[in-house]
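Written below as structure tokens is the structure these notes are about.
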Amino acid sequence: MKTGKKLGAGLILAALVMSAAGCGNNETNTASPGSEPAKIPETSSEKVKIVYSMWGSAAEGNTTQAVADRFNASQDKIEVEVQAIPWENYMTKLNTLATAGQLPDTGMLKEDGVIQWSSEGMLNDVSGMYEGSDSKPLDSLAYKYKGKTVAYAAANEILLLYYNKDMFDKANVPYPPAALDQAWTWDQFVETAKKLTNDKDGKHPGEEGFNSQSIVQYGASVENLPWQLETWALSNGGGFYSEDGTEVKVGDDASVEAIQRVADLYLKDHVAPLSVGQTDDGIQRTIIAGTVAMATNGQWNVGTSLNTAKEEGLNYGVAVLPYMKDKVTISTGGANVVFSQTKHPKEAMEWLKWYNSEENNWELISSGIWMPTLDKWYKDETLTRKWVENPNFPPYDEYKSAVVDYAQSSAAKPAAWFYTNYTTDFNTLLGSILGDVWTGKTTAKDAISKNLDALKAAHTGNQ
Amino acid sequence: METINKQQKRRSRIFSAEARVAYICLIPAFLGLIFLTYLPLVGVLGISLTNWTGLKSPVFIGFDNYIKIFTADPYIKDSIISTIYYAALSVAGSMIYSLFIALLLNRKIPARGFFRAVFYVPYVLPAAAIYVGWSWLYEGNFGFFNYVLSELGLKKILFIADSSYVVPSLSLISVWLAGNLIVIFLAGLQNVPVVYHEAAEVDGAGGWKRFRHITLPCMTPIIFYNLLMSLIANLQVVTPALALTNGGPGNSSRFLTYLMYDQAFVNYKLGYACATTLIIFAILAVFTTLLFKTSGRWIYNEGGDDK
Numbered sequence: 255m256k257t258g259k260k261l262g263a264g265l266i267l268a269a270l271v272m273s274a275a276g277c278g279n280n281e282t283n284t285a286s287p288g289s290e291p292a293k294i295p296e297t298s299s300e301k302v303k304i305v306y307s308m309w310g311s312a313a314e315g316n317t318t319q320a321v322a323d324r325f326n327a328s329q330d331k332i333e334v335e336v337q338a339i340p341w342e343n344y345m346t347k348l349n350t351l352a353t354a355g356q357l358p359d360t361g362m363l364k365e366d367g368v369i370q371w372s373s374e375g376m377l378n379d380v381s382g383m384y385e386g387s388d389s390k391p392l393d394s395l396a397y398k399y400k401g402k403t404v405a406y407a408a409a410n411e412i413l414l415l416y417y418n419k420d421m422f423d424k425a426n427v428p429y430p431p432a433a434l435d436q437a438w439t440w441d442q443f444v445e446t447a448k449k450l451t452n453d454k455d456g457k458h459p460g461e462e463g464f465n466s467q468s469i470v471q472y473g474a475s476v477e478n479l480p481w482q483l484e485t486w487a488l489s490n491g492g493g494f495y496s497e498d499g500t501e502v503k504v505g506d507d508a509s510v511e512a513i514q515r516v517a518d519l520y521l522k523d524h525v526a527p528l529s530v531g532q533t534d535d536g537i538q539r540t541i542i543a544g545t546v547a548m549a550t551n552g553q554w555n556v557g558t559s560l561n562t563a564k565e566e567g568l569n570y571g572v573a574v575l576p577y578m579k580d581k582v583t584i585s586t587g588g589a590n591v592v593f594s595q596t597k598h599p600k601e602a603m604e605w606l607k608w609y610n611s612e613e614n615n616w617e618l619i620s621s622g623i624w625m626p627t628l629d630k631w632y633k634d635e636t637l638t639r640k641w642v643e644n645p646n647f648p649p650y651d652e653y654k655s656a657v658v659d660y661a662q663s664s665a666a667k668p669a670a671w672f673y674t675n676y677t678t679d680f681n682t683l684l685g686s687i688l689g690d691v692w693t694g695k696t697t698a699k700d701a702i703s704k705n706l707d708a709l710k711a712a713h714t715g716n717q
Numbered sequence: 047m048e049t050i051n052k053q054q055k056r057r058s059r060i061f062s063a064e065a066r067v068a069y070i071c072l073i074p075a076f077l078g079l080i081f082l083t084y085l086p087l088v089g090v091l092g093i094s095l096t097n098w099t100g101l102k103s104p105v106f107i108g109f110d111n112y113i114k115i116f117t118a119d120p121y122i123k124d125s126i127i128s129t130i131y132y133a134a135l136s137v138a139g140s141m142i143y144s145l146f147i148a149l150l151l152n153r154k155i156p157a158r159g160f161f162r163a164v165f166y167v168p169y170v171l172p173a174a175a176i177y178v179g180w181s182w183l184y185e186g187n188f189g190f191f192n193y194v195l196s197e198l199g200l201k202k203i204l205f206i207a208d209s210s211y212v213v214p215s216l217s218l219i220s221v222w223l224a225g226n227l228i229v230i231f232l233a234g235l236q237n238v239p240v241v242y243h244e245a246a247e248v249d250g251a252g253g254w255k256r257f258r259h260i261t262l263p264c265m266t267p268i269i270f271y272n273l274l275m276s277l278i279a280n281l282q283v284v285t286p287a288l289a290l291t292n293g294g295p296g297n298s299s300r301f302l303t304y305l306m307y308d309q310a311f312v313n314y315k316l317g318y319a320c321a322t323t324l325i326i327f328a329i330l331a332v333f334t335t336l337l338f339k340t341s342g343r344w345i346y347n348e349g350g351d352d353k
């Protein structure tokens with residue numbers, strides 16, 4: 255097993271070495287494509303071939319190819335070929351192709367890779383993609399590098415609050431609000447969570463005789479993966495970075511205080527299970543496991559796991575997040591980019607526009623994993639109904655208010671990887687720094703101020 | 047005189063024909079070594095002197111990566127400590143455990159074959175299944191171990207969520223996984239000459255004395271082999287960190303190989319990752335050399351002309 259991994263890594267490295275040897279001469283190819291090659295397709299009457307890469311299995315690739323075939327049939331200028339690469343190898347493969355100068359024309363890119371690829375000159379500016387269109391993507395979904403739009407998210411994703419309706423009914427506590435203007439403050443959230451936290455004898459935190467060692471049901475869980483944690487720093491008037499992404503703000507009092515409050519849900523309030531912010535399975539450990547009454551997480555969980563749980567009897571609802579000072583939810587979504595190595599940026603953009611504009615990702619959207627990116631799906635009620643009114647979703651009014659309206663409200667802030675570089679390095683380091691904060695061995699203030707220089711270095715890619 | 051010459055000639059001719067076949071048969075393995083081991087190694091060395099990210103073409107930066115690792119890397123110190131800590135616990139634990147189990151399985155107990163299988167099964171289970179299983183046992187809030195603890199009225203232990211417990215908890219899994227060591231020990235035990243035991247028994251030596259003075263010395267070459275294999279494997283630990291902890295909490299399970307993986311395939315700092323790889327290589331080399339150096343002193347050799 256271990257040797258297998260080592261061998262694999264060795265092989266990849268060997269391949270990389272070989273492709274590195276060849277990259278000197280590719281350099282000239284990659285530098286020029288912006289200006290002259292655009293003329294070539296005009297003179298030829300043949301179809302321009304565009305390769306679109308995506309992550310997924312061969313079967314998923316075939317599904318997407320079927321969509322692309324409809325596009326191919328709809329006009330006679332462009333022919334799109336889909337290339338599916340397994341998720342585990344996706345970025346490694348693209349890196350290798352990039353060095354070899356053989357990137358596809360367009361494709362998906364992992365969220366945290368977009369700004370880095372832009373900064374290394376690998377992506378085309380796509381600002382003009384929606385010029386003259388009747389609908390454009392939500393503002394929160396544009397990746398920006400040095401003021402230019404370098405990509406639009408392929409899907410929309412936001413964070414929200416899930417809750418178990420049966421647990422609320424049993425404790426006779428009102429449901430969390432689905433409307434943004436009624437959002438709970440943090441204190442209201444904690445108070446409600448206390449009523450929903452029971453130890454073995456049915457006692458709640460703060461009650462005489464409550465035993466925090468024998469809790470059988472928790473009231474709340476706030477996902478503390480570093481990238482989701484930024485929600486609370488922002489909500490408390492802080493953040494991880496300044497708005498333009500140039501400065502690190504995670505050491506500000508407001509940010510540190512917000513992180514400490516999340517930790518205190520477990521440490522002081524005794525309303526949350528321990529989570530060390532390392533793995534991305536929060537919803538399974540909380541709402542689906544049936545041990546926690548409310549949990550924050552992404553809307554994609556509706557499609558990836560909650561649908562199945564619902565069939566097995568889980569009665570869950572969706573609500574907006576509580577807030578500290580400002581109402582904030584983070585929105586994200588992997589990017590669709592046009593690589594700068596392409597000779598046909600215009601055609602690539604035309605395909606992307608078509609691909610994102612209609613019901614072409616319908617399977618992912620109607621199952622609840624993705625949300626549409628174009629604003630018309632949020633603003634035009636017929637379209638919204640077409641999207642949300644199906645058995646995969648929670649009741650229409652609830653979902654419309656807690657997710658659809660929430661996603662286009664001013665509360666929806668783009669995740670940090672939309673505008674600043676090295677977020678993976680930063681988040682990994684932050685996650686490791688906060689490790690002992692969740693268990694109470696140190697405070698957020700001590701942990702962060704001790705490592706602030708390292709965090710700043712990570713943010714500049716200088717770690 | 048002539049006959050001897052003829053014989054010699056014939057012998058050398060046979061030798062060279064055999065040798066030719068041998069060399070031909072060795073070629074694939076040799077090519078494999080060159081292209082899959084030595085060339086990548088040279089490649090790793092070369093890349094480690096660049097700032098390559100996989101996108102732009104690499105720029106030669108000399109020993110900057112190494113300097114950075116030893117002066118500015120936020121993870122490396124904790125990483126080296128946790129790796130050595132993990133390896134020490136796992137090697138010691140799995141050696142003692144597997145020798146003990148092997149001794150028990152070597153006795154004429156009922157259903158011996160069944161028990162031998164039981165202890166070997168963990169070793170052949172898919173890693174993913176093993177770690178999912180253990181994550182349920184170790185879970186901090188409602189995991190099986192904590193359920194038992196709280197039923198007994200004891201304080202819960204955050205096995206893999208507390209930086210002081212995570213390394214011992216992970217190495218416990220590796221001890222449990224040591225089925226291959228048990229098999230090798232068993233094979234060794236069965237080669238301990240019975241006559242020695244019989245003779246000692248006649249002289250009135252008890253079980254412990256026989257183990258201490260016959261079994262253990264006879265087993266030292268096997269123990270050495272297992273120690274070496276287990277040390278190398280455990281110093282390269284990465285799977286439990288990938289499967290259970292993602293290097294956390296804090297840096298407490300960010301083992302060296304995990305760190306390298308993270309740099310290379312998550313952050314795409316390939317030059318930097320290659321430099322880390324060579325440091326891991328150096329650490330492995332130091333430990334195995336030390337082990338070999340001390341081996342002469344405690345390994346029992348019946349022939350005794352090994353040196």
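Chains A and B are the protein sequences, given in the same order.
Take 255 as the starting number for the first sequence in our numbering and just add one per residue.
Take 47 as the starting number for the second sequence in our numbering and just add one per residue.
Where a beta carbon is used, it is the ideal one built from N, C-alpha and C, also for glycine.
{"Item": "What residue range does the alpha helix (DSSP H) around A:Q595 cover?", "Value": "Note, A:Q595: premise wrong, no alpha helix (DSSP H); not H, not E."}
{"Item": "Buried or exposed for A:K581, going by 16 or more other Cβ atoms inside 10 Å?", "Value": "buried"}
{"Item": "Report the option in B:G139, B:P172, B:W98, B:F109 whose CA atom is closest to the CA atom of B:I325.", "Value": "B:F109"}
{"Item": "Please decide whether A:N705 counts as near chain B, where near means a Cβ-Cβ distance under 9 Å.", "Value": "yes"}
{"Item": "Mapping DSSP to helix, strand and coil, what is B:I203?", "Value": "coil"}
{"Item": "Using a Cβ-Cβ cut-off of 9 Å, state whether A:W692 counts as contacting chain B.", "Value": "yes"}
{"Item": "For the candidate residues A:W608, A:T674, A:V525, whose alpha-carbon lies nearest to that of A:F325?", "Value": "A:W608"}
{"Item": "According to DSSP, is A:L415 part of a helix, a strand, or is it coil?", "Value": "strand"}
{"Item": "For A:N349, which residues in chain B fall below 7 Å Cβ to Cβ?", "Value": "G100, L101, Y314"}
{"Item": "Note the first and the last residue of the continuous beta strand (DSSP E) segment covering A:I469.", "Value": "469-475"}
{"Item": "Taking the alpha-carbon positions, what's the B:V164 to B:N313 distance?", "Value": "41 Å"}
{"Item": "Applying the criterion that 16 or more other CB atoms from any shown protein chain within 10 Å of the CB defines a buried residue, is B:C320 buried or exposed?", "Value": "buried"}
{"Item": "Tell whether a beta-carbon distance below 9 Å holds between A:L575 and A:A407.", "Value": "no"}
{"Item": "Where does A:G361 sit, in a helix, a strand or coil, going by DSSP?", "Value": "strand"}
{"Item": "Using alpha carbons as the reference points, say which of A:E484, A:T446, A:I541, A:G544 lies closest to A:L519.", "Value": "A:T446"}
{"Item": "Taking A:P517 as the reference, give the member of A:A474, A:I369, A:L363, A:G588 with the closest Cα.", "Value": "Here residue 517 of chain A is Ala; the residue named in the question, Pro, does not match the sequence. Closest by alpha carbon: A:A474."}
{"Item": "Identify every run of the alpha helix (DSSP H) within the region 385-450 of chain A, keeping only runs that are complete inside it and at least 4 residues long; order them along the chain.", "Value": "419-425, 440-450"}
{"Item": "Between A:L709, A:N716, A:G715, which lies nearest to A:V502 when the distance is taken from Cα to Cα?", "Value": "A:L709"}
{"Item": "Could you check which residue in B:I70, B:N111, B:I126, B:G89 has the C-alpha nearest to that of B:L281?", "Value": "B:I126"}
{"Item": "Run through chain A and tell me which residues come within less than 7 Å of B:S196, C-beta to C-beta.", "Value": "Q467, S468"}
{"Item": "So, for A:D420: in the same chain, excluding its five sequence neighbours on each side, which residues have a beta-carbon less than 6 Å away from its beta-carbon?", "Value": "N569"}
{"Item": "Would you give the residue range spanned by the alpha helix (DSSP H) that A:A322 belongs to?", "Value": "312-328"}
{"Item": "Is A:N590 helix, strand or coil by DSSP?", "Value": "strand"}
{"Item": "Kindly indicate if chain A contains any beta-carbon less than 9 Å away from that of B:L204.", "Value": "yes"}
{"Item": "Tell me, please, whether the CB atom of A:W608 is closer than 9 Å to any CB atom in chain B?", "Value": "no"}
{"Item": "Per DSSP, what kind of secondary structure is A:Q337 in: helix, strand or coil?", "Value": "strand"}
{"Item": "Between A:N551 and the rest of its own chain, which residues show a CB-CB distance below 6 Å, the 5 nearest in sequence each way excluded?", "Value": "E477, G536, I537"}
{"Item": "In the DSSP output, which residue or residues are listed as bridge partners for B:A279?", "Value": "According to DSSP, which records beta bridges pairwise, B:A279 is partnered with nothing at all."}
{"Item": "Could you tell me which chain B residues have their CB closer than 7 Å to the CB of A:D423, listed as they occur along the chain?", "Value": "Per Cβ cutoff of 7 Å: no residues; A:D423 is ~22 Å from chain B at best."}
{"Item": "Check each candidate in B:T335, B:G253, B:N297 and name the one with the smallest Cα separation from B:L149.", "Value": "B:G253"}
{"Item": "How many angstroms separate the CA atom of A:L488 from the CA atom of A:Y660?", "Value": "16 Å"}
{"Item": "Grouping DSSP H, G and I as helix and E and B as strand, with all else coil, what is A:G278?", "Value": "Per-residue confidence for A:G278 stands at a pLDDT of 36, beneath the threshold of 50, marking its modelled position as unreliable; no derived number is given."}
{"Item": "Assuming A:K303 is part of the beta strand (DSSP E), what are its boundary residues?", "Value": "302-309"}
{"Item": "Under 9 Å Cβ-Cβ, which residues of chain B neighbour A:G505?", "Value": "Those do not exist, as A:G505 stays about 15 Å from chain B at its closest Cβ, beyond 9 Å."}
{"Item": "Round the Cβ separation of B:I176 and B:P168 to the nearest angstrom and send it over; I've been treating them as touching at under 8 Å.", "Value": "7 Å"}
{"Item": "List the residues of chain A whose Cβ lies closer than 8 Å to the Cβ of B:S209, in chain order.", "Value": "G689, D690, T693, K695"}
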